[in-house]
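Beneath this line is the structure, given in structure tokens, with notes to follow.
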Amino acid sequence: MGQIQLKQVTKSFGDVQVIPPLDLTIKDGEFTVFVGPSGCGKSTLLRLIAGLEDITSGHIEIDGTDATDLVPAKRGLAMVFQSYALYPHMSVRKNIAFPLRMAKMDQSEIDRRVNAAAEVLNLADYIDRKPGQLSGGQRQRVAIGRAIVREPSAFLFDEPLSNLDAALRVGMRMEISELHKKLATTMVYVTHDQVEAMTMADKIVVLQAGVIEQVGSPLELYRAPRNTFVAGFIGSPKMNLITGEEATKHNAATIGIRPEHIDVVQSDGMWQGTVGVAEHLGSDTFFHIHNTGLAETLTVRAIGDISLTHGDTIHLNPRMDELHRFDAGGLRIA
Amino acid sequence: MARSVTPRRKLLNTTVAWAIGLLIFFPILWTILTSFKSEAQAIAAPPIFLGFDWTLENYRVVLERSDYARFLWNSIIIAGLSTVLGCIIAVPAAWSMAFVPSRRTKDILLWMLSTKMLPAVGVLYPIYLIFIELGLLDSRAGLVVVLMLINLPIIVWMLYTYFKEIPGEILEAARMDGATLRQELLYVLTPMAIPGIASTLLLNFILAWNEAFWTLNLTAVNAAPLTAFIASYSSPEGLFFAKLSAASTMAIAPILILGWFSQKQLVRGLTFGAVK
Chain A
0 MGQIQLKQVT KSFGDVQVIP PLDLTIKDGE FTVFVGPSGC GKSTLLRLIA
50 GLEDITSGHI EIDGTDATDL VPAKRGLAMV FQSYALYPHM SVRKNIAFPL
100 RMAKMDQSEI DRRVNAAAEV LNLADYIDRK PGQLSGGQRQ RVAIGRAIVR
150 EPSAFLFDEP LSNLDAALRV GMRMEISELH KKLATTMVYV THDQVEAMTM
200 ADKIVVLQAG VIEQVGSPLE LYRAPRNTFV AGFIGSPKMN LITGEEATKH
250 NAATIGIRPE HIDVVQSDGM WQGTVGVAEH LGSDTFFHIH NTGLAETLTV
300 RAIGDISLTH GDTIHLNPRM DELHRFDAGG LRIA
Chain B
0 MARSVTPRRK LLNTTVAWAI GLLIFFPILW TILTSFKSEA QAIAAPPIFL
50 GFDWTLENYR VVLERSDYAR FLWNSIIIAG LSTVLGCIIA VPAAWSMAFV
100 PSRRTKDILL WMLSTKMLPA VGVLYPIYLI FIELGLLDSR AGLVVVLMLI
150 NLPIIVWMLY TYFKEIPGEI LEAARMDGAT LRQELLYVLT PMAIPGIAST
200 LLLNFILAWN EAFWTLNLTA VNAAPLTAFI ASYSSPEGLF FAKLSAASTM
250 AIAPILILGW FSQKQLVRGL TFGAVK
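Top to bottom, those sequences are chains A and B.
Take the first sequence: its letters are residues 0 to 333, numbered as in numbering that gives the first Met the number 0.
Take the second sequence: its letters are residues 0 to 275, numbered as in numbering that gives the first Met the number 0.
Below, the structure written as structure tokens:
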């Protein structure tokens, strides 16, 4: 079991309130991702759940019991840190065994669990090495190993992949997702990378300045962002957000259209502009379009290799059924 | 690209480095050499460098006249206990400053260090009076406390610097893993800080061993350490350079040997954190 409930939780550092009253339920077995720009309070929120920071007011319940005043060790949660936080003076084996030793578990049971974890995480070959002799990816696996041997009711991940290079990051992303499928244990994962959020999460919690902007599945957030912040944050490249006269035509203060929902046409498009920077990714090409008569630069995705270069004129047609409308307060108009 | 050094340049650098090293070490070398001379040769002009009649006479006289073992024992006790006591107080202090700092932590550290800028003689009078009042004059216990206190700012500073290098996330990981505060200190922090703690202890022991102002002013007979032993040869019987040198050599020998054997640890500790 691993249901985590936050009830009217707040956190202040001195006079600065970083988390205004916040309610959130993380269901048992769910992979929940906290995502937001840096400084949005997502790591603080995770540390509050872990018990590494004291909450200023409110309650935290884990599996229905009040854990607000429990020390981290008593909450039954395991955490994987951004810096891996391995014990540098201990071998991989001792690192993984540490939480079990602290729990005064039998040596034979410790050995069994450590060996099992090493097997799952492909660490058997390095088991007697010190963390200093391991690569970044291997260290990250040891940190995960140290978390899984405890068989916690939930895992907490604090930007675990941000110290890895791009290729390794994609691999570890898959491994963590696989692990979640295998263990079916609640996971709470903090990242600033919306791609990680979209690919891994069952549920995404978008945060800004300590406030939850929207909670939902990746596709819910993609299809129906609740406000302009979520609209701009989820999806890559960003959604085009257009204000002014063009928005007024659609009875909105702001309209949004994703780059993949604008078609490049030969002539007579709704918008016309000149091509700025073109980013060729092979499968897709992203054009940045200027001089459309709109205040904003537009980003447009075209499939495959399109032979338009800097300064060319381009005609564009947004798909009207994919248009998002927002009011003056930035909230979605249904 | 690495900087290229021509062999000539290398030779020059090495020669200069050795020359400076010898210059710094020369007074100690001269003291040791003088200790093996007769009193007449010790004050000969021009001075004799090596071509003198080597003799152990001075050592015999010094050992006969004074109880070297007692001074040595006092030095060991005073330097050792003040170091251990200082560490017992400084470790938790540095710990809390490094890992649970308050807004005033930096100020407290600076304030502690500022006490080292005060000339010791400025507080001699009050401390002397306190010692008389408490009956601590010429007692080892009194000196242990005073030496511990004057070195405490340095120990706290050094330990604080080492502890600051230990990432907080590792301690948090230990906390998540179920370690109690005691286990966190014992199994995680101390093993990681051992080079720092060891070099701090060593440096503090050397400082306490060499301390002369307080040991000379606050002791007479019973608690006098080796610094007082040297001083006792400097005036009362006129200038006996050879015997003074023999006494000095005997006083600095233990700490010199300790320093020699622990130099690796000392250098590592003193440059800890300079290169990550």
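By construction, the Cβ of each residue, glycine as well, lies at the ideal position given by its N, Cα and C atoms.
Is the CB of residue i under 8 Å away from at least one CB in chain A?
i                           : result
isoleucine 169 (chain B)    : yes
valine 187 (chain B)        : yes
lysine 275 (chain B)        : Only weak support exists for where lysine 275 (chain B) lies, its pLDDT of 34 falling under 50; the coordinates are left without a value.
aspartate 52 (chain B)      : no
phenylalanine 176 (chain B) : Residue identity differs from the one stated: residue 176 (chain B) is aspartate in this sequence, not phenylalanine. Yes, its Cβ sits closer than 8 Å to a Cβ of chain A.
glutamine 182 (chain B)     : yes
methionine 191 (chain B)    : yes
Have a look at the DSSP bridge pairing and note the partners of residue i.
i                          : result
serine 56 (chain A)        : A:Thr9
glutamate 278 (chain A)    : A:Phe285
histidine 323 (chain A)    : A:Gly255
tryptophan 270 (chain A)   : A:Leu315
isoleucine 302 (chain A)   : A:Asp283
arginine 331 (chain A)     : A:Phe325
phenylalanine 30 (chain A) : A:Met186
alanine 153 (chain A)      : A:Leu76 and A:Thr185
isoleucine 261 (chain A)   : A:Pro317
Taking the alpha-carbon positions, what's the residue i to residue j distance?
i                       : j                           : result
glutamate 64 (chain B)  : isoleucine 31 (chain B)     : The displayed chain sequence assigns arginine, not glutamate, to residue 64 (chain B). Taking the straight line from one Cα to the other gives about 20 Å.
isoleucine 76 (chain B) : tryptophan 208 (chain B)    : 10 Å
alanine 117 (chain A)   : glutamate 108 (chain A)     : 14 Å
isoleucine 48 (chain A) : glutamate 174 (chain A)     : 24 Å
valine 8 (chain A)      : phenylalanine 154 (chain A) : 20 Å
leucine 278 (chain B)   : leucine 45 (chain A)        : There is no way to answer for residue 278 (chain B), as the model of chain B reaches only from 0 to 275.
alanine 222 (chain B)   : asparagine 216 (chain B)    : 11 Å
methionine 89 (chain A) : cysteine 86 (chain B)       : 25 Å
threonine 312 (chain A) : glutamine 271 (chain A)     : 7 Å
leucine 293 (chain A)   : serine 42 (chain A)         : 38 Å
glutamine 207 (chain A) : valine 187 (chain A)        : 17 Å
lysine 340 (chain A)    : leucine 120 (chain A)       : Coverage of chain A is limited to positions 0 through 333, which leaves residue 340 (chain A) absent and any answer about it impossible.
leucine 128 (chain B)   : leucine 151 (chain B)       : 22 Å
leucine 55 (chain B)    : glycine 121 (chain B)       : 42 Å
threonine 190 (chain A) : aspartate 124 (chain A)     : 30 Å
Would DSSP call residue i helix, strand or coil?
i                        : result
arginine 64 (chain A)    : The sequence shown places threonine at residue 64 (chain A), rather than the arginine named in the question. Correct three-state label for threonine 64 (chain A): strand.
glutamine 4 (chain A)    : strand
aspartate 124 (chain A)  : helix
histidine 191 (chain A)  : coil
asparagine 114 (chain A) : helix
glycine 272 (chain B)    : In this prediction, glycine 272 (chain B) scores a pLDDT of 47, lower than 50, which makes its location untrustworthy; no coordinate-derived value is stated.
isoleucine 203 (chain A) : strand
asparagine 226 (chain A) : strand
leucine 69 (chain A)     : coil
aspartate 106 (chain B)  : helix
leucine 21 (chain B)     : helix
glycine 195 (chain B)    : helix
valine 15 (chain A)      : strand
glutamine 137 (chain A)  : helix
threonine 179 (chain B)  : coil
threonine 5 (chain B)    : coil
isoleucine 27 (chain B)  : helix
threonine 214 (chain B)  : helix
asparagine 239 (chain A) : strand
For residue i versus residue j, is the C-beta spacing smaller than 8 Å?
i                        : j                        : result
serine 134 (chain A)     : isoleucine 61 (chain A)  : no
asparagine 239 (chain A) : threonine 298 (chain A)  : yes
serine 101 (chain B)     : proline 224 (chain B)    : no
arginine 149 (chain A)   : isoleucine 126 (chain A) : no
alanine 196 (chain A)    : valine 34 (chain A)      : yes
alanine 241 (chain B)    : lysine 36 (chain B)      : yes
Taking 8 Å as the CB-CB limit, is residue i close to chain C?
i                     : result
proline 130 (chain A) : Given the protein chain composition of this structure (A and B), no chain C is represented.
Is there at least one Cβ from chain B nearer than 8 Å to residue i's Cβ?
i                           : result
methionine 186 (chain A)    : no
phenylalanine 325 (chain A) : no
alanine 90 (chain A)        : Note that residue 90 (chain A) is serine in the sequence shown here, rather than alanine. Answer no: the Cβ-Cβ gap between serine 90 (chain A) and chain B never drops below 8 Å.
serine 373 (chain A)        : Because chain A spans 0 through 333 in this model, residue 373 (chain A) falls outside it and cannot be assessed.
proline 71 (chain A)        : yes
methionine 104 (chain A)    : no
phenylalanine 97 (chain A)  : yes
alanine 49 (chain A)        : yes
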